[in-house]
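Please read the structure below before turning to the comments.
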Amino acid sequence: MVHQVFIYVAHRDGQAADSALELLSAARILSPDGPVTAIVTGWGEGLDRVCQEMASRCPEVWKLAHQDLAYPNAEAVRKCLVEVLPSEAVLLLAHDTLGMDLGPGLSVKLNSSFVSDVVAMTAPRDGALTLVREEYGGQVSTHVSCDISGGAVLSIRSGAFPALEDGAPGEVQDRSSEIGDLACGRRFLEIVEAEAGDVDITKEEILVSAGRGIEDEDNIEIAEELAKALGGVVSCSRPIVDAKWLEKARQVGTSGKTVKPKIYLALGISGSFQHLGGLKGNPFIVAVNKNSKAPIFQVADVGVVDDLLEFVPLLTERINSQR
Amino acid sequence: MNMEILVCVKKVPDPAENEIVVSRDGSDIERDDLVYSVNEWDNYAVEEAIQLVEEHGGSVTVVSVGDEESDEIIRRELAMGADAGNLLDDEAFHYSDGRGVAAILAHAARRGSYDLILTGAQAEDAAAQVGGMLAAMLDVPYASLVVRVRVMDGKKLKIAREIDGGNLEINEIDLPCALSIQTGINEPRYVGIRGIRKTASVQVPVLGAAQLGVDPATVGEAGAKVRKLDYFVPEMGEGAEILQGSREEMADQLIARLKGRGVIQ
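Residue numbers (this note's numbering), protein chains in the order written: chain A, 1 to 323; chain B, 324 to 588.
In structure tokens form, the structure reads like this:
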């Protein structure tokens, strides 16, 4: 049977997120000839701009305007989507902080299947879809079969599918009259911007980045010494900030800073997609990790499989002695 | 106000202690020598629950859908300061998908009268889905990726969610509710060997499908709409040039590469 395929478009400041065109190309796998509908929720002038932007690439755009959707509060968005989506719909959304908030509960309310953080998929056969996910921070992948006979909600990893470049233009349909009461037990209050740190790692050309493999707060010094020898600064991955060994402003990743250095030394960093998501501009990546299976070695240019606590001090000493 | 809190935890292979390798036939990962621990996110959730109860009164109950050996992680959370724990285990639960796990937890949650239900935001071997599903099944408000919880007057919380770029999204949420907890929200207390010993002999009650009132057809392999077919290691292009030789030789090779990039003059 043919399922109607939808994408949910995240947007900010009147612009669709980069994920929208990636969702459109993923949707094409599900529906090579059939129509794909983009759903945009929001309020005001920005919403109209996003709808027009999507209509230039997508055959059908549903505009859902409501004051309670001015900020994408996942609880209100969910209520709205449950009302407007037809039964057995297949909905794609981005595996971002909104998608993680929205997707699982939405699938329950739609009584449809849910698969998160999809990195690849093949066209459905006999009411089932085969998808690829990663586990253990990308150390292994799995093929997953998903029964979509009753519809599905699928969250898609950023960057896993190419942005659709040749989408045909379409029409915006205002479906706002279908929205009912959106009052819910959670109310958005405000955004608090991340605090600036004493260094701005987004402007540095050489970053020496410490991860879980540094093992102890005292060992941060090992990274600092190397950074000093190379004329760079120390950044880190999430576990180091969680442990309060370095400030949040030093964190590279989707939940931290997006950096674009020329050289990136990853010390004891496994290389989760959340971390790599903050690393842009195609830097020269050096990875030091004692786990030869760490995903960071897949993306690094040069790898050293060794205990960083032994290797890095030796490296620093040899750099300093050559001056 | 007293806070009755339910925390859902899971036993997972500890990524800091293991190299995860696909088994020979690709049906699973190699589990023979794996070191298991409490899922890292869940441990932050338990700590948050304990701190809330320390401040406001109430109690912390820990539950886990797991195999018969998952009682060890429940005992660990009891040693940390949780007041009670249940293992949710039944042959009918095995090979549940995320929806099935959430359904089992929902039945466990309905046995009590909880103000707050916490899960980890995600697990090493799973899909960041159970918390949101559980909340929807229980019809309580939900927020994910929570990094701050404050109890307010009038049966509500003020919470911060971590969103892109390390920015915080501040929300007000009515109780009862469910939250998924992000790492870094607190500093989970250390559980020493003495604490572990104290709870070592505690019998963790096991609840099965019958006690929980779960229809076996809706969970486990029978109810799963999402199934893992196999495990594999993806081909990802060339990968890094792995340096060879002694530690000194590797260091000198790396220095040569960095010189080639103009990093070292």
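Think of the CB as a built atom: it goes at the ideal place given N, C-alpha and C, for glycine as much as any other residue.
No experiment lies behind these values; they were computed from the predicted model shown.
Exercise. Is the distance from the Cβ of B:Val-542 to the Cβ of B:Ala-444 below 8 angstroms?
Worked result: If you number the second sequence from 1, residue 542 of chain B lands on position 219. If you number the second sequence from 1, residue 444 of chain B lands on position 121. Taking a C-beta distance under 8 angstroms as the contact criterion, B:Val-542 and B:Ala-444 do not qualify as a contact pair.
Problem set entry | Whole-Å CB distance - A:Val-172 paired with A:Gln-52, under 8 angstroms assumed | Counted from its first residue, the first sequence places residue 172 of chain A at position 172. Counted from its first residue, the first sequence places residue 52 of chain A at position 52. At roughly 7 angstroms, the Cβ-Cβ gap stays under 8 angstroms, so A:Val-172 and A:Gln-52 are in contact.
Problem set entry | Between the CA atoms of A:Arg-318 and B:Ala-368 - distance to the nearest angstrom | Within the second sequence, numbered from 1, the residue matching residue 368 of chain B stands at position 45. Within the first sequence, numbered from 1, the residue matching residue 318 of chain A stands at position 318. If I take the Cα positions, the gap works out to 44 angstroms.
Problem set entry | Residue-level contact to chain A via CB, B:Thr-541, 8 angstroms cutoff | Within the second sequence, numbered from 1, the residue matching residue 541 of chain B stands at position 218. At a cut-off of 8 angstroms between beta-carbon atoms, B:Thr-541 makes no contact with chain A.
Exercise. Considering only C-alpha positions, which residue in the set A:Arg-133, A:Ala-210, A:Gly-103, A:Gly-281 is nearest to A:Glu-247?
Worked result: The residue labelled residue 247 of chain A in the question sits at position 247 within the first sequence. The shortest Cα separation from A:Glu-247 among A:Arg-133, A:Ala-210, A:Gly-103, A:Gly-281 belongs to A:Ala-210.
For this session: Using a cut-off of 8 angstroms between C-beta atoms, extract the partners of B:Asp-497 located in chain A.
Result: Against the second sequence, residue 497 of chain B aligns to sequence position 174. Those are Gly-185, Arg-186, listed as they occur along chain A.
Exercise. Between the stretch 465-488 of chain B and chain A, which residues of the former have CB atoms less than 9 angstroms from a CB of the latter, in chain order?
Worked result: Tyr-465, Ala-466, Ser-467, Leu-468, Lys-479, Lys-481, Ile-482, Ala-483, Arg-484, Glu-485, Ile-486, Asp-487, Gly-488
Problem set entry | Option in B:Val-537, B:Ala-483, B:Arg-471, B:Asp-487 with minimal Cα separation from A:His-275 | Here residue 275 of chain A is taken as the residue at index 275 of the first sequence, counted from 1. Checking every option, the nearest Cα to that of A:His-275 belongs to B:Asp-487.
Exercise. Nearest CA to the CA of A:Val-234: which residue from A:Lys-244, A:Ala-243, A:Ile-222, A:Asp-242?
Worked result: Position 234 of the first sequence holds residue 234 of chain A. Among A:Lys-244, A:Ala-243, A:Ile-222, A:Asp-242, the Cα nearest to that of A:Val-234 is on A:Ile-222.
For this session: At 8 angstroms on the CB atoms, spell out the chain A contacts of B:Ile-578, in chain order.
Result: Locating residue 578 of chain B in the second sequence gives position 255, counting from the first residue. By Cβ distance, chain A contributes Leu-315, Arg-318, Ile-319, Gln-322.
Exercise. Which stretch, first to last residue, makes up the alpha helix (DSSP H) that contains B:Ala-372?
Worked result: The sequence position of residue 372 of chain B within the second sequence is 49, counting from 1. 363-379 is the extent of the alpha helix (DSSP H) around B:Ala-372.
Exercise. Within this structure, are the beta carbons of A:Pro-104 and B:Gly-455 separated by less than 8 angstroms?
Worked result: Indexing the first sequence from 1 puts residue 104 of chain A at position 104. Indexing the second sequence from 1 puts residue 455 of chain B at position 132. Yes; because the gap between Cβ atoms is below 8 angstroms, this pair is in contact.
Exercise. Taking just the CA atoms, how far does A:Val-199 sit from B:Leu-411?
Worked result: In the second sequence, counting from the first residue as 1, residue 411 of chain B sits at position 88. In the first sequence, counting from the first residue as 1, residue 199 of chain A sits at position 199. Spanning the two alpha carbons is a distance of roughly 48 angstroms.
Problem set entry | Where the alpha helix (DSSP H) through B:Asn-409 begins and ends | Mapped onto the second sequence, residue 409 of chain B falls at position 86. Run containing B:Asn-409: none in the alpha helix (DSSP H); it sits in the beta strand (DSSP E), 407-411.
For this session: State whether the stretch 160-180 of chain A contacts the stretch 50-68 of chain A, with contact taken as three or more CB pairs (one from each stretch) at a distance under 8 angstroms.
Result: yes
For this session: Flag this pair as touching only if the stretch 122-133 of chain A and the stretch 27-39 of chain A have three or more C-beta atom pairs under 8 angstroms; answer yes or no.
Result: In short, these stretches touch, since the Cβ pair count reaches three.
Exercise. Alpha helix (DSSP H) containing A:Asp-68: first to last residue?
Worked result: In the first sequence, residue 68 of chain A corresponds to position 68, counting from 1. Careful: A:Asp-68 lies outside any alpha helix (DSSP H) and carries neither H nor E.
Exercise. Taking all protein chains shown into account, do 16 or more other C-beta atoms lie within 10 angstroms of the C-beta of A:Leu-91, making it buried, or fewer, making it exposed?
Worked result: Looking up residue 91 of chain A in the first sequence gives position 91. By the neighbour-count rule (16 or more Cβ atoms within 10 Å), A:Leu-91 is buried.
Exercise. If contact means a Cβ-Cβ distance below 8 angstroms, which residues of the stretch 374-391 of chain B contact chain A?
Worked result: none
Problem set entry | Proximity to B:Gln-526 [Cα-Cα], best of B:Ser-360, B:Glu-377, B:Ile-396 | Walking along the second sequence from the start, residue 526 of chain B turns up at place 203. The shortest C-alpha separation from B:Gln-526 is found at B:Ile-396.
Exercise. Per DSSP, what kind of secondary structure is A:Phe-161 in: helix, strand or coil?
Worked result: Translated into the one-based positions of the first sequence, residue 161 of chain A becomes position 161. Reduced to three states, the DSSP call for A:Phe-161 is coil.
Problem set entry | Length at least 3, wholly inside the stretch 20-103 of chain A: the beta strand (DSSP E) runs in chain order | 36-42, 60-65, 90-94
Problem set entry | Exposed unless 16 or more other CB atoms sit within 10 angstroms - verdict on A:Val-192 | Here the question's residue 192 of chain A lines up with position 192 in the first sequence. That one is exposed.
Exercise. Between B:Val-361 and B:Lys-334, is the Cβ-Cβ spacing less than 8 angstroms?
Worked result: Residue 361 of chain B sits at position 38 when you count from the first residue of the second sequence. Residue 334 of chain B sits at position 11 when you count from the first residue of the second sequence. Result yes, Cβ atoms of B:Val-361 and B:Lys-334 sit closer than 8 angstroms.
Problem set entry | Buried or exposed (CB count within 10 angstroms, at least 16 for buried), B:Leu-401 | On the second sequence, position 78 is the one that residue 401 of chain B refers to. Under this definition B:Leu-401 is a buried residue.
Exercise. Would you say B:Cys-331 faces chain A, with C-beta separation under 8 angstroms as the test?
Worked result: The residue you call residue 331 of chain B lines up with position 8 of the second sequence. Chain A, which has no Cβ nearer than 8 angstroms to the Cβ of B:Cys-331, makes this no.
For this session: From the DSSP output, in three-state form, read off A:Tyr-136 for me.
Result: What you label residue 136 of chain A is simply residue 136 of the first sequence in a count that begins at 1. A:Tyr-136: helix per DSSP, three-state reduction.
Exercise. In chain A, which residues lie with their C-beta within 7 angstroms of the C-beta of B:Gly-562?
Worked result: Stepping through the second sequence from its first residue, residue 562 of chain B is reached at position 239. Residues of chain A passing the Cβ test: Phe-297, Gln-298.
Problem set entry | Residue(s) in a DSSP beta bridge with A:Phe-284 | Looking up residue 284 of chain A in the first sequence gives position 284. Note: A:Phe-284 sits in a beta bridge opposite A:Ile-263.
Exercise. Could you check where the beta strand (DSSP E) with A:Leu-189 kicks off and where it finishes?
Worked result: Walking along the first sequence from the start, residue 189 of chain A turns up at place 189. First-last of the beta strand (DSSP E) with A:Leu-189: 186-192.
Exercise. Near A:Glu-75, what residues of its chain come up, given a Cβ to Cβ distance below 6 angstroms and the 5 sequence neighbours on each side ignored?
Worked result: Here residue 75 of chain A corresponds to residue number 75 of the first sequence, with the count starting at 1. Excluding sequence neighbours, A:Glu-75 sits near Cys-184, Arg-186.
Problem set entry | 8 angstroms Cβ cutoff, A:His-143 in contact with chain B | Along the first sequence, read from residue 1 onward, the residue named residue 143 of chain A stands at position 143. For A:His-143, the answer is yes, since a Cβ of chain B falls inside 8 angstroms of its Cβ.
Exercise. Which of helix, strand or coil does DSSP assign to B:Gly-488?
Worked result: To locate residue 488 of chain B, count along the second sequence from 1; it is residue 165. DSSP places B:Gly-488 in helix when its eight states are reduced to three.
For this session: Give a yes or no on whether 8 angstroms exceeds the smallest Cβ distance from B:Thr-442 to chain A.
Result: The residue you call residue 442 of chain B lines up with position 119 of the second sequence. So, not an interface residue.
Problem set entry | Buried versus exposed call for A:Pro-169 [16 or more other C-beta atoms within 10 Å across all chains shown] | Numbered from its first residue, the first sequence carries residue 169 of chain A at position 169. Under this definition A:Pro-169 is an exposed residue.
Exercise. A:Glu-193 versus chain B: which residues are under 7 angstroms apart at the beta carbon?
Worked result: Start at 1 with the first residue of the first sequence, and residue 193 of chain A comes out as number 193. Near A:Glu-193 (Cβ distances below 7 angstroms), the residues of chain B are Asn-490.
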